[in-house]
Amino acid sequence: MMSQLAVNLSMIFTESPLIERFALAHQYGFQHVEIQFPYELSIEEIQTQLAQYNLSLCLINVPAGDLMQGGDGLAGIPGQEQAFAQALQQAVEYATALNVPRVNILAGKQPVDTDLLPCLNTLASNLKFACERLTEHGIEPVFEMINGTDMPRFLVQNIAQAQEMLEAVRHPALKMQYDCYHMAMMGEDVLAGLKENIGQIGHIQFADCPGRHEPDTAQIHFNEIFQWIQQSTYQGYIAAEYRPQSSSAQSFAWKNKYFANDVNS
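Under the numbering used here, the first residue of the sequence shown is numbered 1, with each subsequent residue one higher.
Now the structure itself:
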């Protein structure tokens with residue numbers, strides 16, 4: 001089985017309400033979608049859309065509290081353990097009902113008045129708890145590195161920090177979510193990072209860098225990256241998670257260029 005192409009409905013097709021983006025994904029030839037936070041829609045609404053357009057939902061995030069509004073989030077914040085457990089429960093309900101194979105846990109940010117070590121210890125503890133809860137349902141947990149320019153004080157920003165967290169959690173199911181854009185923003189060699197860590201990567205996302213637009217609008221060499229992924233042992237999803245440079249409809253030249261022969265796309 002080759003890796004499979006997905007489109008992120010939280011960042012692409014934003015010209016339309018979320019409920020209408022499933023139809024657009026189908027229209028532009030995608031069979032798999034991911035949604036950062038699907039919770040504005042009911043499980044039943046999403047089920048209907050997935051069935052109607054023959055789509056699979058391949059990834060969602062655990063609710064992250066106030067993180068996307070500029071706050072610190074939940075998973076790595078001492079004192080927020082109960083709120084994280086409730087958020088995780090909501091993610092489990094959605095993922096099990098919607099057959100989502102993978103759930104992403106966002107670490108959150110180091111609060112300005114809190115030392116780093118308690119935050120990392122809280123994150124490790126919450127990740128262990130999430131691993132136990134998710135694997136009970138056959139769901140693979142992943143956690144993401146996010147660059148510190150777009151999200152200052154984020155607790156896991158680069159590959160080395162992600163490796164340290166994997167070592168701290170020590171759960172065989174836990175993998176990295178590898179976003180090519182965030183790694184490029186952190187100055188990582190995107191392809192080398194993939195090659196060296198592919199056994200510990202459970203999900204891949206991409207956008208070009210700088211700008212976070214579609215491939216071939218900036219500096220990342222996607223030709224080499226996509227070619228290597230498709231020839232590697234990686235069997236997960238490769239998800240387009242970018243901000244279209246003009247309109248969503250005009251942003252898919254990369255799809256025909258790099259994935260024209262992908263039967264799973």
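Here a beta-carbon is modelled for each residue, glycine too, at the ideal position from N, C-alpha and C.
For Glu34, count the other beta carbons within 10 Å of its own beta carbon; 16 or more makes it buried, fewer makes it exposed. Which is it? Position 34 of the sequence shown holds residue 34. Counting other Cβ atoms within 10 Å of its Cβ, Glu34 reaches 16 or more and is therefore classed as buried.
Spell out a yes or no on whether the segment 73-85 and the segment 38-57 are touching, meaning 3 or more CB-CB pairs, one atom from each, closer than 8 angstroms. Segments in contact, no.
In whole angstroms, what is the alpha-carbon distance linking Asp66 and Ile77? Indexing the sequence shown from 1 puts residue 66 at position 66. Indexing the sequence shown from 1 puts residue 77 at position 77. Distance between the alpha carbons of Asp66 and Ile77 is about 12 angstroms.
Paired residues, beta bridge with Leu5 - DSSP: Along the sequence shown, one-based indexing puts residue 5 at 5. Among the bridge pairs identified by DSSP, Leu5 is matched with Ile238.
Contiguous beta strand (DSSP E) assignments of at least 3 residues, all confined to the segment 11-93: Counting only runs of 3 or more, we get 32-35 and 56-61.
Just the Cα atoms here: how many angstroms apart are Leu41 and Asn256? One-based indexing of the sequence shown puts residue 41 at position 41. One-based indexing of the sequence shown puts residue 256 at position 256. C-alpha separation (whole angstroms): 31 angstroms.
Need the endpoints of the beta strand (DSSP E) that Phe206 sits in, please. Taking the sequence shown and counting its residues from 1, one reaches residue 206 at position 206. Membership of Phe206 in the beta strand (DSSP E) is indicated by the continuous run Ile201 to Phe206.
Report yes if the C-beta distance between Val156 and Gly202 is below 7 angstroms; otherwise report no. Sequence index remark: in the sequence shown, residue 156 carries index 156 (1-based). Sequence index remark: in the sequence shown, residue 202 carries index 202 (1-based). For the 7 angstroms CB-CB criterion, Val156 and Gly202 do not form a contact.
Is the distance from the Cβ of Ala130 to the Cβ of Ile146 below 7 angstroms? Within the sequence shown, numbered from 1, the residue matching residue 130 stands at position 130. Within the sequence shown, numbered from 1, the residue matching residue 146 stands at position 146. No, these two residues do not count as a Cβ contact at 7 angstroms.
Endpoints, the beta strand (DSSP E) within which Gln177 is located: Numbered from 1 along the sequence shown, position 177 holds the residue referred to as residue 177. Taken as a continuous stretch (DSSP letters only), the beta strand (DSSP E) holding Gln177 covers Lys175 to Asp179.
Which residues in the same chain have their Cβ closer than 7 angstroms to the Cβ of Leu175, if we skip the five residues on either side of it in sequence? As a position in the sequence shown, residue 175 is number 175, starting the count at 1. Checking the displayed sequence, the identity of residue 175 turns out to be Lys instead of Leu. Glu140, Val142, Gln200, Ile201 and Gly202.
Taking only the alpha-carbon atoms, compute the straight-line gap between Leu123 and His137 and give it to the nearest angstrom. By 1-based counting over the sequence shown, the position of residue 123 is 123. By 1-based counting over the sequence shown, the position of residue 137 is 137. In a straight line, the C-alpha of Leu123 is about 21 angstroms away from that of His137.
From the DSSP output, which residues share a beta bridge with Ile105? One-based indexing of the sequence shown puts residue 105 at position 105. When DSSP reads this structure, Ile105 sits in a beta bridge with Phe143.
Should Asp72 be labelled buried (16 or more other beta-carbon atoms within 10 Å of its own) or exposed? Residue 72 sits at position 72 when you count from the first residue of the sequence shown. With 16 or more Cβ atoms within 10 Å of its Cβ, Asp72 is classed as buried.
Enumerate in chain order the residues of its own chain whose CB-to-CB distance from Leu120 is below 6 angstroms, with the five nearest sequence positions on each side excluded. As a first step, residue 120 must be located in the sequence shown, where it is residue number 120. Nothing meets the Cβ criterion.
Does the beta-carbon of Ala160 have 16 or more other beta-carbons within 10 angstroms, so that it is buried, or is it exposed? By 1-based counting over the sequence shown, the position of residue 160 is 160. Under this definition Ala160 is an exposed residue.
Determine the direct distance from the alpha carbon of His213 to that of Met185, and round the result to whole angstroms. Against the sequence shown, residue 185 aligns to sequence position 185. Against the sequence shown, residue 213 aligns to sequence position 213. Separation of Met185 and His213 (C-alpha to C-alpha, rounded to the nearest whole angstrom) is 13 angstroms.
Along the chain, where does the alpha helix (DSSP H) containing Ser125 start, and where does it finish? The residue given as residue 125 occupies position 125 in the sequence shown. Judged by DSSP secondary structure, Ser125 falls within the alpha helix (DSSP H) whose first and last residues are Leu116 to Thr135.
Write down the C-beta distance between Ile19 and Glu45 rounded to the nearest angstrom, noting that I regard them as a contact closer than 8 angstroms. Taking the first residue of the sequence shown as 1, we reach residue 19 at position 19. Taking the first residue of the sequence shown as 1, we reach residue 45 at position 45. Contact between Ile19 and Glu45 holds: CB atoms are separated by about 6 angstroms, below the 8 angstroms threshold.
Quick one: what's got a C-beta closer than 7 angstroms to Cys209's C-beta in the same chain, skipping five residues either side? Stepping through the sequence shown from its first residue, residue 209 is reached at position 209. Contacts found: Tyr181, Ala184, Met185, Ala218, Gln219 and Ile220.
Pick from Pro38, Val190, Trp228 and Met165 that is closest to Ala91, judged by C-alpha positions: As a first step, residue 91 must be located in the sequence shown, where it is residue number 91. Of the candidates Pro38, Val190, Trp228 and Met165, the one whose C-alpha sits nearest the C-alpha of Ala91 is Pro38.
Under three-state DSSP, which class holds Phe222? If you number the sequence shown from 1, residue 222 lands on position 222. Three-state DSSP puts Phe222 in a helix.
Taking the straight line between their C-alpha atoms, what separation do you get for Tyr28 and Leu134? Within the sequence shown, residue 28 is the residue found at index 28, counting from 1. Within the sequence shown, residue 134 is the residue found at index 134, counting from 1. Their Cα atoms are separated by approximately 32 angstroms.
Coarse secondary structure for Phe252, derived from DSSP in three states: As a position in the sequence shown, residue 252 is number 252, starting the count at 1. Coil.
Does Asn264 come out as helix, strand or coil in the three-state DSSP assignment? Along the sequence shown, read from residue 1 onward, the residue named residue 264 stands at position 264. Residue placement at Asn264 is poorly supported in this model, since its pLDDT is 49, which falls under 50; the coordinates still yield a value, given next. Three-state DSSP puts Asn264 in coil, outside helix and strand.
Where do the N-terminal and C-terminal ends of the alpha helix (DSSP H) with Gln163 fall, by residue? Translated into positions along the sequence shown, residue 163 becomes position 163. Ile159 to Val169 is the span of the alpha helix (DSSP H), which, as asked, contains Gln163.
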